[in-house]
Amino acid sequence: GLSTAVIHGWKAGTGKILGVIDGDLQHPPEILAKLLVAMEDGADIAIASRHVDDGGVSDWSVVRRFLSRGAQLLGLSILPEVIGRVSDPMSGYFMVRRSAINEKDLNPLGYKILIEVLARGKIRQIAEVGYVFQERLSGESKVTWKQYLDYIRHLLRLRFSLGTIGQLRKRIPFPLKRFIRFGLVGFSGVFVDMTVLYLLHDPASLGWGLTRSKIIAAEAAIMNNFIWNDAWTFRDIASQQWGWGKRLKRFLKFNLVCLIGLCLNVLLLNLLFNLLGINYLIANAIAIAAVTFWNFWINLKLNWRVTQK
């Protein structure tokens with residue numbers, strides 16, 4: 013596979029700095045100079061990223077963007093201590109010090125060699141350089157559903173080899189103070205949701221239909237939660253991502269994470285109640301607690317991103 017070819021190339025090379033780049037010009041070669049500067053400044057790995065300043069994609073469809081972000085979300089859920097260290101863990105364009113890795117220890121599955129390097133290498137200092145991913149001028153992409161399945165298998169294999177969730181907690185300092193703030197903001201959102209629902213649905217008020225009222229109430233709660241999280245919970249990070257454009261982008265991501273969280277909530281509730289026979293109120297409380305943690309962690313790593321360097 014592609015990752016195996018990369019490792020063979022590294023073994024054949026003799027340099028102290030190793031690299032990966034696509035040969036079809038989807039990775040702009042002029043970014044190599046910026047990556048090299050980052051390495052000379054002391055980075056163990058320098059990654060060309062689509063998700064930092066000056067980064068992006070040229071002309072991707074909505075489906076392709078969804079699959080890319082979905083793969084990152086999945087990785088954050090399974091390997092937070094690896095995927096959460098960088099903004100673009102799916103990148104195939106980077107430089108790394110030979111001394112930071114041992115090719116014999118690398119055992120990638122599929123084509124995402126960067127994840128293997130981050131997981132198994134001695135990576136302390138990380139640098140990221142923005143670049144715009146270009147469309148290929150000729151030929152066809154080699155990415156198929158098999159590659160997506162290999163990606164999932166790779167994540168699971170790394171999860172089991174790197175240790176359990178209990179061991180993971182020892183390696184990642186959990187931001188408890190920030191999580192408490194996130195929970196308090198979420199609690200305030202419950203009151204916003206209930207108030208708006210009452211004002212819209214109650215016959216003495218507007219008397220709108222329940223479904224329409226609930227959708228509007230839920231979105232009002234999401235807006236409330238975003239405003240307070242942006243201004244309080246993640247204030248230090250939001251201040252570094254200034255501008256209405258970036259704020260709108262964070263808001264849309266927050267909406268998406270909340271929507272996925274709602275779906276997970278319903279699935280977990282049904283699993284606990286219908287399959288395990290747990291009381292529906294207890295099952296609902298467990299589902300809410302689990303999804304609250306999931307929403308917090310994904311927003312921390314994807315939206316108000318805190319990288320570990």
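In the numbering used here, the protein residues as written are 13 to 321. In this text, a Cβ means the ideal position worked out from N, Cα and C, and glycines have one as well. The structure presented is a predicted model; accordingly, all values stated were derived computationally and were not measured.
Check your understanding: Cα separation between residue 71 and residue 81?
Key -> By 1-based counting over the sequence shown, the position of residue 71 is 59. By 1-based counting over the sequence shown, the position of residue 81 is 69. Using only the alpha carbons, I get a separation of about 15 angstroms.
Review point. Could you check where the beta strand (DSSP E) with residue 246 kicks off and where it finishes?
Key: Start at 1 with the first residue of the sequence shown, and residue 246 comes out as number 234. Counting along the chain, residue 246 falls outside any beta strand (DSSP E), and DSSP gives it neither H nor E.
Check your understanding: In this structure, what does DSSP give as the bridge partners for residue 109?
Key -> Indexing the sequence shown from 1 puts residue 109 at position 97. Answer is 29, bridged to residue 109.
Check your understanding: So which of 54, 208 and 282 has the shortest CA-CA distance to residue 300?
Key -> Translated into positions along the sequence shown, residue 300 becomes position 288. Considering only alpha carbons, the answer is 282.
Review point. For residue 127, does the three-state DSSP call read helix, strand or coil?
Key: Your numbering for residue 127 matches position 115 in the sequence shown. DSSP places residue 127 in helix when its eight states are reduced to three.
Exercise for review: Can you give me the Cβ contacts of residue 174 inside the same chain, cut-off strictly under 7 angstroms, excluding the 5 residues immediately before and after it?
Suggested key: In the sequence shown, residue 174 corresponds to position 162, counting from 1. Closer than 7 angstroms at Cβ, skipping near neighbours: 131.
Review point. Can you name, in chain order, every residue of its own chain whose Cβ lies under 8 angstroms from the Cβ of residue 83, other than the five neighbours on each side?
Key: Here residue 83 refers to the residue found at position 71 of the sequence shown. Within the same chain, residue 83 has close Cβ partners 102, 160 and 163.
Exercise for review: Figure out for me which residue from 28, 294 and 143 has the closest Cα to the Cα of residue 46.
Suggested key: Position 34 of the sequence shown, counted from the start, is the residue given in the question as residue 46. The shortest Cα separation from residue 46 among 28, 294 and 143 belongs to 143.
Check your understanding: So what's residue 21 in DSSP terms, helix, strand or just coil?
Key -> For this step, residue 21 is matched to residue 9 along the sequence shown. It is helical.
Check your understanding: Going by C-alpha distance, which of 40, 211, 145 and 99 is nearest residue 138?
Key -> Position 126 of the sequence shown, counting from 1, holds the residue named residue 138. The shortest C-alpha separation from residue 138 is found at 99.
**Study point:** Inter-residue spacing [alpha-carbon to alpha-carbon] between residue 169 and residue 126
**Key:** Reading the sequence shown from its first residue, position 157 is the one you call residue 169. Reading the sequence shown from its first residue, position 114 is the one you call residue 126. C-alpha separation (whole angstroms): 15 angstroms.
Review point. By how many angstroms is the C-alpha of residue 269 removed from the C-alpha of residue 199?
Key: As a first step, residue 199 is located in the sequence shown; it is residue number 187 there, counting from the start. As a first step, residue 269 is located in the sequence shown; it is residue number 257 there, counting from the start. The alpha-carbon atoms of residue 199 and residue 269 are separated by roughly 17 angstroms.
Practice item. Could you check the C-alpha separation between residue 305 and residue 191 for me, to the nearest Å? Key: Here residue 305 is taken as the residue at index 293 of the sequence shown, counted from 1. Here residue 191 is taken as the residue at index 179 of the sequence shown, counted from 1. Answer to the nearest angstrom: the Cα atoms are 8 angstroms apart.
Review point. Where does residue 93 sit, in a helix, a strand or coil, going by DSSP?
Key: Along the sequence shown, one-based indexing puts residue 93 at 81. Here residue 93 sits in helix by DSSP.
**Study point:** Integer Cβ distance of residue 90 from residue 171, believed to fall under 8 angstroms
**Key:** Position 78 of the sequence shown, counted from the first residue, corresponds to residue 90. Position 159 of the sequence shown, counted from the first residue, corresponds to residue 171. Their Cβ separation, rounded to whole angstroms, is 5 angstroms, which keeps residue 90 and residue 171 in contact under 8 angstroms.
**Study point:** Spatial distance of residue 166 from residue 61 (CA atoms)
**Key:** Reading the sequence shown from its first residue, position 154 is the one you call residue 166. Reading the sequence shown from its first residue, position 49 is the one you call residue 61. Straight-line Cα distance between these residues: approximately 21 angstroms.
Review point. Residue 297: which of 231, 284 and 128 sits nearest, CA to CA?
Key: Position 285 of the sequence shown, counted from the first residue, corresponds to residue 297. Considering only alpha carbons, the answer is 284.
Point to revise | Rounded separation between residue 271 and residue 236 - CA only | key: To locate residue 271, count along the sequence shown from 1; it is residue 259. To locate residue 236, count along the sequence shown from 1; it is residue 224. Rounded to the nearest angstrom, the two C-alpha atoms are 15 angstroms apart.
Check your understanding: With 16 as the cutoff for other CB atoms within 10 Å, does residue 120 come out buried or exposed?
Key -> Translated into the one-based positions of the sequence shown, residue 120 becomes position 108. So residue 120 ends up on the buried side.
Practice item. Could you give the DSSP three-state label for residue 52: helix, strand or coil? Key: Counted from its first residue, the sequence shown places residue 52 at position 40. Of the three classes helix, strand and coil, the one that applies to residue 52 here is helix, per DSSP.
Check your understanding: Do three or more CB pairs link the segment 30 to 37 to the segment 104 to 111 at distances below 8 angstroms?
Key -> yes
Practice item. Go ahead and label residue 73 buried or exposed: buried means 16 or more other beta carbons lie within 10 angstroms of its beta carbon, across all protein chains shown. Key: Indexing the sequence shown from 1 puts residue 73 at position 61. Result: exposed.
Review point. Buried or exposed: which applies to residue 37, given that a residue is buried once 16 or more other Cβ atoms fall within 10 Å of its Cβ?
Key: Translated into the one-based positions of the sequence shown, residue 37 becomes position 25. Classification for residue 37: exposed.
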